[in-house]
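Comments concern the structure below.
Chains as they are written, first to last, in the working numbering: chain C, -1 to 282; chain F, 64 to 276.
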């Protein structure tokens, strides 16, 4: 399996505050990677660094095995990009927007673009400003997917969308990745989106990578534990990533199921959601 | 690729704005040209470039369109070159339109709009080049409200400097200077225009390369 994206030791400081602290991760071919973290964690800064829109203080980024700085045009020709608010020109129509974006790509496919418009019920003469947030996102996705991109990068694509449109977008992303050699990398704080779609989870908090794992392994490794407060000894507490005590009971997230099972009797163990894991790690 | 960027700028400039621009064009054409003659053409040319830079800049800043464009294979230098080309395209279109109107009026024996002489064209080209050359880098870096203030100060400053220089020079020196510039007007205008655009491009590119989005 090849890496489509390699980020190594990325550091970025904004006005004396560390926005990215030694961020390193890899994106594999054929994978949907969820890039999670609370607001202000550094997700957008990382994505902008990957796209060369800001300048990291140090670190290396390789896309398709090549350095972005020296191969910018070639690399960007193979990337599809969708931003949270689209960054589309409100006064223009979808067709006019396409006429601006399409010539930039060497492999633009008009038929693919038309098929996406049909599928999304978008009229090419519709002005961007008349579109709802969901429709704008669909338009941005149609523009991002019509040049046979190999890597789809999205910054909070599902933020502010209703569940039906979110589901539709996630289906499109799954379809995209099902083709040979494609990958999708998207940041989100709506972790529900990742439960069914993501293969890999990367979590960023205060500019640091806290989690970088296969989703199934991550969920398998962690457990939500509930039980009586009297079971919590000093050693047991160390087994939890987060722990909340209430009344006579406790609820916590562990990343060491076996050890908890061995040292604590009469407890309930449940499979956590990605959101539980994210909140537990972010709250540490 | 650059054609698509020029298309974008023209669309952004005229979209929902055509009537207002046509009104401004007619106002300058009728009021200024009939009172100040050929100055109307020069004002029209500089005005169209000013309107272009102001409108497109505010729409681009509102949409943060550069973030999307710079995420595509478009290069920074292409985005900047397209801006200069659009400004000159508008200048040439204005020149042709004014010449056309002037010819039509001449044909019906109404001498309202004087024809553009070579000297007038070169002086206008020079003023358009200097205006675009100075303001375009500012639009890339500064807020539009600040640019309006700076532009006003620049126009006023140019007038004051010109007045002071004029007062300092003797009448003979002014005449000699005018004779000399008249002799080489075309060459001077083109040379200074090219120099202004090159310097401006280098500044714009440096500014854009250092900008974080």
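Even for Gly, the Cβ is constructed at its ideal location relative to N, Cα and C.
Keep in mind the model is a prediction, meaning the values are calculated, not measured.
Please tell me whether residue i has its Cβ less than 7 Å away from any Cβ of chain F.
i	result
residue 13(C)	no
residue 207(C)	no
residue 121(C)	no
residue 114(C)	no
residue 108(C)	no
residue 74(C)	yes
residue 171(C)	no
residue 93(C)	no
residue 79(C)	yes
Along the chain, where does the alpha helix (DSSP H) that runs through residue i open and close?
i	result
residue 1(C)	No alpha helix (DSSP H) contains residue 1(C), which is instead part of the beta strand (DSSP E) from 1 to 12.
residue 89(F)	81 to 90
residue 170(F)	139 to 170
residue 70(C)	70 to 74
residue 262(C)	Taken as a continuous stretch (DSSP letters only), residue 262(C) belongs to no alpha helix (DSSP H), as it is neither H nor E.
residue 280(C)	272 to 280
residue 73(F)	65 to 77
residue 51(C)	No alpha helix (DSSP H) holds residue 51(C); DSSP gives it neither H nor E.
residue 233(C)	232 to 235
residue 94(C)	92 to 99
residue 254(F)	248 to 273
residue 138(C)	131 to 143
residue 134(F)	128 to 134
For the beta strand (DSSP E) that residue i lies in, which residues bound it at each end?
i	result
residue 31(C)	30 to 34
residue 81(C)	Residue 81(C) -> no beta strand (DSSP E), and no H or E assigned at all.
residue 21(C)	15 to 26
residue 221(C)	221 to 226
residue 252(C)	247 to 252
residue 152(C)	149 to 153
residue 59(C)	56 to 61
residue 199(C)	198 to 203
residue 173(F)	That residue, residue 173(F), is in no beta strand (DSSP E); it is neither H nor E in DSSP.
residue 198(F)	Unbroken run through residue 198(F) is the alpha helix (DSSP H), 181 to 204; no beta strand (DSSP E).
residue 216(F)	Residue 216(F) -> not in any beta strand (DSSP E); alpha helix (DSSP H) instead, spanning 207 to 231.
residue 244(C)	238 to 244
residue 212(C)	206 to 212
If the cut is a Cβ gap below 7 Å, which residues of chain F does residue i touch?
i	result
residue 99(C)	135
residue 134(C)	By Cβ distance, chain F contributes nothing, its closest Cβ being about 11 Å from residue 134(C), past 7 Å.
residue 174(C)	In chain order: nothing, as chain F lies at least about 17 Å away.
In chain C, which residues lie with their C-beta within 7 Å of the C-beta of residue i?
i	result
residue 174(F)	Those within 7 Å of residue 174(F) in chain C number zero; the least Cβ separation is about 40 Å.
residue 76(F)	Residues of chain C passing the Cβ test: none, with the nearest at roughly 10 Å.
residue 64(F)	101 and 102
residue 122(F)	87 and 89
residue 276(F)	46, 51 and 52
In chain F, which residues lie with their C-beta within 8 Å of the C-beta of residue i?
i	result
residue 71(C)	136 and 138
Is there a Cβ from chain C that is less than 7 Å from the Cβ of residue i?
i	result
residue 71(F)	yes
residue 239(F)	no
residue 79(F)	yes
Please list the partners that residue i has in chain C, where partner means a Cβ-to-Cβ separation under 9 Å.
i	result
residue 115(F)	Simply none; closest approach about 15 Å.
residue 67(F)	97, 98, 99, 100, 101 and 102
Please list, in chain order, the chain F residues whose beta carbon lies closer than 9 Å to that of residue i.
i	result
residue 154(C)	Going along chain F, no residue has its Cβ under 9 Å from residue 154(C), so there is no contact; the nearest lies around 14 Å.
May I ask whether a heavy atom of the ligand PLP can be found less than 6 Å away from the beta carbon of residue i?
i	result
residue 174(F)	The ligand PLP is absent from the structure shown, which contains no ligands of any kind.
*If contact means a Cβ-Cβ distance below 9 Å, which residues of the segment 38 to 54 of chain C contact chain F?*
46, 49, 50, 51, 52 and 53
*Note down, in chain order, all residues in the segment 125 to 148 of chain F with a beta-carbon under 7 Å from any beta-carbon belonging to chain C.*
126, 127, 128, 130, 131, 133, 134, 135, 136, 137 and 138
*Would you call the segment 116 to 131 of chain F and the segment 157 to 172 of chain F in contact, with 3 or more CB pairs under 8 Å?*
no
*Segment contact flag, the segment 99 to 112 of chain F with the segment 81 to 91 of chain F, C-beta cutoff 8 Å, min 3 pairs*: yes
_Three or more C-beta pairs below 8 Å linking the segment 190 to 206 of chain C and the segment 35 to 52 of chain C_ = yes
*Any contact of the segment 129 to 144 of chain C with the segment 162 to 171 of chain C, i.e. 3+ C-beta pairs under 8 Å?*
yes
*Evaluate the contact criterion for the segment 262 to 273 of chain F versus the segment 143 to 155 of chain F: three or more CB pairs, one atom per stretch, below 8 Å.*
yes
*the segment 217 to 227 of chain F / the segment 236 to 247 of chain F touching (three or more Cβ pairs under 8 Å)*: no
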